[in-house]
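Let me begin by presenting the structure, written as structure tokens, before commenting on it.
Numbering (full-length UniProt numbering), first residue to last: 1 to 350.
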């Protein structure tokens with residue numbers, strides 16, 4: 001009995017493969033077994049899927065800013081279906097002609113809450129062990145920071161930099177914005193969280209509470225920390241502070257985790273989802289080569305998207321785990337391509 005279906009489907013190494021006309025050959029060897037054909041189909045599909053995972057595509061950042069800005073996001077060639085798209089952060093109204101930097105105001109915009117339950121949660125957890133208590137607000141001294149262009153002719157973007165040297169555990173700036181429950185962000189398909197495995201720039205998950213802060217989610221003054229970038233080698237962290245004066249309240253603050261030199265870019269750690277294969281790779285619990293093909297493609301797509309949008313602030317590429325994943329994924333594609341060419345050559349009787 002012959003199989004008349006034009007498309008054969010199979011599962012190999014966790015990937016759902018489809019055979020493609022692109023990989024059909026003009027001459028077929030007689031006596032080829034079904035398993036051999038399936039193996040070649042699997043290799044071809046793995047190559048196609050891996051290449052699709054690493055080609056450039058548009059990537060923009062989340063924002064509620066007006067779309068009428070005259071500063072369009074950087075565009076990349078759209079070559080795959082359902083590309084990751086994140087709205088641009090609008091900065092055109094901040095940069096005046098002739099200016100190179102923007103000084104951040106010491107007083108950050110006030111927090112806003114998605115609903116009353118978010119505020120209720122915060123108020124009921126102010127005594128948690130992770131909360132740092134400060135007797136009065138005058139004891140909470142912030143340091144000056146600036147927003148300025150990145151020092152690269154190849155990257156048209158901005159970063160947040162120190163204006164003076166910082167010591168370890170110095171409080172640098174309040175991190176404020178729209179506060180919501182993190183599950184709302186994770187479950188929103190528009191955020192592509194299942195693909196990226198991490199929140200995008202201008203979003204921080206609280207390190208201890210099921211909350212996230214969107215620095216571009218409020219209506220008032222622009223928050224310079226909206227441009228805080230993630231890094232594989234961070235120098236700041238997010239901490240929770242409770243001010244115990246006549247009106248006790250909670251603030252979320254960026255704090256130095258090491259000494260920071262004057263003019264150094266502030267960088268915070270990636271917040272990888274423990275269920276995403278990227279987490280296992282960056283934590284060095286698993287090598288890229290030991291992942292199955294499906295997970296290789298997942299981490300490849302995430303790394304390419306985040307690097308293309310300048311969301312990784314690593315300056316030492318040798319220590320950047322995202323760039324190592326990117327290189328490993330490209331080696332993976334090249335090896336699969338070479339294997340496919342060999343299979344095609346054998347199929348043609350060469």
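Idealized CB from N, CA, C, for every residue including glycine.
Bear in mind that the values here come from a model prediction, so they are computed numbers and not experimental data.
With DSSP as the reference, please indicate the residues paired to residue 145 in a beta bridge. 162
Report all residues from its chain with a CB closer than 8 Å to the CB of residue 190; omit the five preceding and five following residues, and keep chain order. none
Exposed or buried, what is residue 334 when buried is set at 16 or more other beta-carbons lying within 10 Å of its beta-carbon? The residue in question, residue 334, is exposed, as its Cβ has fewer than 16 Cβ neighbours within 10 Å.
Please classify residue 258: does DSSP put it in a helix, a strand, or coil? In the three-state scheme derived from DSSP, where H, G and I count as helix and E and B as strand, residue 258 is classed as coil.
Please name the residue in 208, 121 and 145 whose C-alpha comes closest to that of residue 165. 145
Backbone CA spacing between residue 108 and residue 330 [nearest angstrom]: 42 Å
Considering only their Cβ atoms, is the gap separating residue 326 from residue 304 smaller than 8 Å? The answer is yes: Cβ separation under 8 Å.
If we ignore side chains and look at the alpha-carbon of each, how far apart do residue 322 and residue 302 end up? 9 Å
Own chain, CB closer than 8 Å to residue 168, minus 5 neighbours either side, in chain order: 256, 257, 258 and 259
Per DSSP, residue 167 forms a beta bridge with which residues? Beta-bridge annotation (DSSP): residue 167 is not paired with any residue.
Go ahead and pull the three-state DSSP assignment for residue 201. coil
What are the boundary residues of the beta strand (DSSP E) that includes residue 211? 211-214
Using the three-state DSSP reduction, which class does residue 338 fall into: helix, strand or coil? Of the three classes helix, strand and coil, the one that applies to residue 338 here is helix, per DSSP.
Can you list, in chain order, the residues of its chain with a C-beta nearer than 8 Å to that of residue 198? Leave out the 5 residues immediately preceding and following it. 230, 270, 271, 272, 273, 276, 278, 302 and 306
Per DSSP, residue 242 forms a beta bridge with which residues? 133 and 250
Kindly identify the DSSP beta-bridge partner or partners of residue 226. Checking the DSSP bridge columns, you'll see residue 226 has no partner listed.
Can you look up residue 347 in the DSSP assignment and give me helix, strand or coil? When secondary structure is reduced to three states using DSSP, residue 347 falls in the helix class.
Burial state of residue 283, where buried means 16 or more other Cβ atoms lie within 10 Å: exposed
Kindly indicate which three-state DSSP category residue 172 falls into: helix, strand or coil? strand
Quick one: what does DSSP say residue 271 is sitting in, helix, strand or coil? coil
When the Cα atoms are used, what is the spatial distance from residue 206 to residue 290? 31 Å
Given that a residue counts as buried once 16 or more other Cβ atoms are within 10 Å of its Cβ, and exposed if not, what is residue 120? exposed
Given this structure, state the Cα-to-Cα distance separating residue 308 from residue 148, to the nearest angstrom. Between residue 308 and residue 148, the C-alpha separation is close to 19 Å.
Taking DSSP as the reference, what is the three-state secondary structure of residue 180? strand
Nearest neighbour of residue 265, chosen from 111, 116 and 314 [CA to CA]: 314
What's the call for residue 158, buried or exposed, on a 16-neighbour Cβ count within 10 Å? buried
Closest to residue 141 by CA distance: which of 251, 311 and 287 is it? Minimum Cα-Cα distance from residue 141 among the listed residues 251, 311 and 287 corresponds to 251.
Suppose you measure from the CA of residue 236 to the CA of residue 281; what does that come to, to the nearest Å? 22 Å
List the endpoints of the continuous alpha helix (DSSP H) containing residue 308. 293-308
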